[in-house]
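First up is the structure itself, then whatever we jot down about it.
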Amino acid sequence: MTIRLVLADDHRLVREAVRDTLAREADFEVVGEAGDGAAALRLIDTCHPDVLVLDITLGDRSGIEIARTLRASGSTVKIVSLSAHQDRRFVGAMLAEGVQAYVAKASAGSELVRAIRAVMQGEACFSPEIAAMLAGALTDTLDESAKPERLGRRETEVLVLVAQGVRSLEIASRLHIAPSTVDVHRRNLMRKLDLHSVAELTQYAIRAGLVEL
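In the numbering used here, the protein residues as written are 13 to 225.
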């Protein structure tokens, strides 16, 4: 299956570099490029891409606004944020608007390809710099007062790691439990919180105060 992509970045040279990187993947097709938010929204309507690679800083509006507009419209496009901003306020704001992956521009390349493939599987994904930043923010706020009342300690630990984009096998290794137990905790989290995807679990972690915006 071909993955159709739209690139939105206000720097032409950045778009060209990203396009060249993605063109190396046989199943990727860049169907449109935009230098501002209005053009990005038009391309979403006309090209119907699977994934939008979105910078936070655009000429006419922020990537946060674009993500919010798309979420409010019911768009099904997956969003990968590709940004030079690594402040957790920006990352948290994008996640709160439904963005499923965040890649630092310094890690563009294989990390961007990995993120695109992850969101197509319904998974969250963060480049190493962003994952480390989120890990610190989550650890700082993970205390008894921050834990959602309905979740047990182990469930909260799994939620934290899921929100960081950690895969099930790695979660099992870190928590010294079986991968099948991780899957049980993930299902229980979704059932208890009435959520239906990893992206929604990540957003919940943000809104529950497990990440300080």
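Glycine is no exception: its CB is placed at the ideal position from the N, C-alpha and C atoms.
When the beta-carbon positions are compared, V103 and I56 stay at least 7 angstroms from each other. A direct Cα-to-Cα measurement between R203 and S209 gives close to 11 angstroms. A straight-line Cα-Cα distance of about 22 angstroms links E77 and A175.
Looking at the DSSP output, T69 shares a beta bridge with S74. The three-state secondary structure of S122, taken from DSSP, is helix.
DSSP links L17 through a beta bridge to V42, V63. Counting only the Cα atoms, R165 lies some 33 angstroms from L124.
Distances from the CA of L17 to each of L187, G49, V65 were compared; the closest alpha carbon is that of V65. Taking 7 angstroms as the cut-off, the beta carbon of L70 is found closer than this to the beta carbon of D22. Remark: three or more beta-carbon pairs, one from each stretch, lie closer than 8 angstroms, so the segment 100 to 118 and the segment 136 to 148 are flagged as touching.
Annotated three-state conformation of L94 is strand, per DSSP. With contacts defined by Cβ atoms closer than 7 angstroms, S180 and V194 form a contacting pair. Membership of A116 in the beta strand (DSSP E) is indicated by the continuous run 113 to 116. DSSP places H197 in the uninterrupted alpha helix (DSSP H) bounded by 191 to 205. Rounded to whole angstroms, the Cβ separation of E109 and A130 is 18 angstroms, and the two are not in contact under 8 angstroms.
At the C-beta level, L19 and E45 come within 7 angstroms of one another. Residues V26, L94, S95, A96 of the same chain have their beta carbon placed closer than 8 angstroms to that of K117, with the five preceding and five following residues left out of the count. A distance below 7 angstroms separates the beta carbons of L107 and T214. By the CB criterion at 7 angstroms, R31 and V42 fall inside the cutoff.
T33: member of the alpha helix (DSSP H) spanning 24 to 34, first to last residue.
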